[in-house]
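As structure tokens, the structure follows; a few thoughts come after it.
The structure is reproduced here in structure tokens:
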């Protein structure tokens, strides 16, 4: 039976279910996927629909099981060598085929380089609405997705709706929601789906791939971030982070200068962090950066410029050179090790 | 010279970010008063395209979609070294979100018989990054997003890119035609030459294409945009103590307090 026959002539087909894409590379699942599963669970409960995890990769049956344990009612598993390593074409084609066949109402994808790369390859041919880089998600009384995203360098928040097209798709910033916990007793189905992609159809091939451990700054309780003021030397930042048991992060400036890897960038084009303590060292405090650390419990700023905007976004500030202040601070804090946090 | 590449660079005019204000009454952005400038990441895209032309041969054509005054950013692209430029302008395009915008640019790239389309990573005013994959998807072409380096292989009808991905890099070879989204800041854009600048501002006239010329009148504009802006408000600002402490000891005490909580 074709889709048209199933839905009746002239009637809009019903779109139902909340889908979450589970992103996996060489066995590692991107943290944002489990965050979206938690948020997707909330949305699905609100609209009284199923939460479906979509798992694409090679040898990823265990990832599908884990998606069920973390809250999915069902996991769809597309398992084939054509999906490893990631390429936009095969992922986009497979995802699109499933979206068109199963007609979900809402589709959430992590706003990673991967998610942002292939989401359009699904949304365009499916004529779906796609909202980029959301930081808040909700549904209204009619079950319409309200996707909120920062715009204009973070000065404003826009609410994007997709009234007439389905599915309603969104890429979502990493770190804005808590990850779903794992419950081994949770029930759910894993369904292996037909793979519709063939290697011969691929428009690209990966020649080399060098990916180290993907730093996850979004889960850290303490984040020590360096900006232009580190002037290429992250040693003092790293030492303080180590003393506090935290992660090292950076502003876009430090990343663009090549001083540190992009995975550690906080801000509009990077990640959102929500630590108990955020130390901004040598960071001026542009809105694009502040947007990524606004949810920190306590913010400490170290900057040579007493007029740097970062002091307006900090709880405690000190005017001084981070290369002097941080080592001193590290020494003091090492002398009296903090209590382990819960 | 039939193997020479046609390299299309879609560019965008954006309000100069420094001049955009938020209306305190309505919470909406006042963009209209701000002067329109070339989207900053597009400078990197133009540079990447010119560099490809130097190595692969061919021509660089800038394209923008917008009102007639958007031609200013095409002049900028021509001043920087683009050989030609096309303005997609039509009332029918008004209110387009990324779906019809990428359709119009895809149709133009197809019409120009592009081998390579080089876009900036994203625009500074809406920063969705959705248009480059959208162009590729509309045309069924390959795509290389977050590209930091490009290596043309015109004899093999391939473009190789070093892509910046989470936690590292990858080298990917894609068949042409291919759409590139070039990473913001990943190259050093050249300055416009004086002669080229004068040419762009005086003699140069971009071609103008309407939605009808591209055969997409019924597929663009607000009515064909799946997403709608349902409201705009100023971002919440977190309340902060804003206390400046005098010495490191005081700061260490505060940090010890914070990390000892729970």
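Protein chains in written order, with this note's numbering: chain A, 228 to 569; chain B, 403 to 664. By construction, the Cβ of each residue, glycine as well, lies at the ideal position given by its N, Cα and C atoms.
Counting only runs of 3 or more residues that sit fully inside the stretch 238-314 of chain A, the beta strand (DSSP E) segments are 245-249, 278-284 and 301-306, in chain order. The alpha carbon of residue 519 of chain A has as its nearest neighbour, out of A/327, A/479, A/532 and A/529, the alpha carbon of A/479.
Scanning A/359, A/284, A/386 and A/250 for the CA closest to the CA of residue 420 of chain A turns up A/284. By the rule that beta-carbons nearer than 8 Å mark a contact, residue 488 of chain B does not touch chain A. Contact between the stretch 452-462 of chain B and the stretch 404-415 of chain B is present, with at least three C-beta pairs closer than 8 Å. Shown here, residue 589 of chain B sits in coil according to DSSP, grouped into three states, outside any helix or strand. Judged by pairs of C-beta atoms under 8 Å, the stretch 488-501 of chain A does not touch the stretch 422-435 of chain A, as fewer than three such pairs exist. For residue 525 of chain A, the C-beta contacts it makes with chain B under 7 Å involve 660, in order along the chain. Taking the Cα positions, residue 362 of chain A is about 11 Å away from residue 263 of chain A. Residues of chain B with a Cβ closer than 8 Å to the Cβ of residue 476 of chain A do not exist; the shortest Cβ-Cβ separation is about 15 Å. Taking CB atoms only, residue 455 of chain B has no neighbour in chain A less than 8 Å away. At a cut-off of 8 Å, the C-beta of residue 597 of chain B has no neighbouring C-beta in chain A.
Assigned with DSSP and collapsed to three states, residue 557 of chain B falls in helix.
In this structure the stretch 443-459 of chain A does not touch the stretch 320-339 of chain A; the number of beta carbon pairs closer than 8 Å is below three. Assigned with DSSP and collapsed to three states, residue 474 of chain A falls in strand. Assignment of residue 514 of chain A by DSSP, reduced to helix, strand and coil, places it in the helix class. Only residues of its own chain outside the window of five on either side were considered, and among them 444, 450, 452, 476, 477, 478, 499, 500, 516, 519 and 520 have a CB closer than 8 Å to the CB of residue 493 of chain A, listed in chain order. For residue 273 of chain A, the CB contacts under 7 Å within the same chain, skipping 5 residues up- and downstream, are 366 in chain order. Under the DSSP assignment, residue 540 of chain B falls in the alpha helix (DSSP H) whose first and last residues are 533-541.
In the assembly as shown, residue 506 of chain B is a buried residue. Its beta-carbon has 16 or more other beta-carbons within 10 Å. The Cβ of residue 653 of chain B sits closer than 8 Å to at least one Cβ of chain A. Spatial neighbours of residue 257 of chain A in its own chain (CB-CB distance under 7 Å, excluding positions within 5 residues in sequence) are listed in chain order as 250, 337 and 339. A direct Cα-Cα distance of roughly 26 Å separates residue 416 of chain B from residue 455 of chain A. For residue 470 of chain A, the closest alpha carbon among the candidates A/356, A/405, A/559 and A/318 is that of A/559. Interface annotation, residue 480 of chain A: not in contact with chain B, CB-CB separation never under 8 Å.
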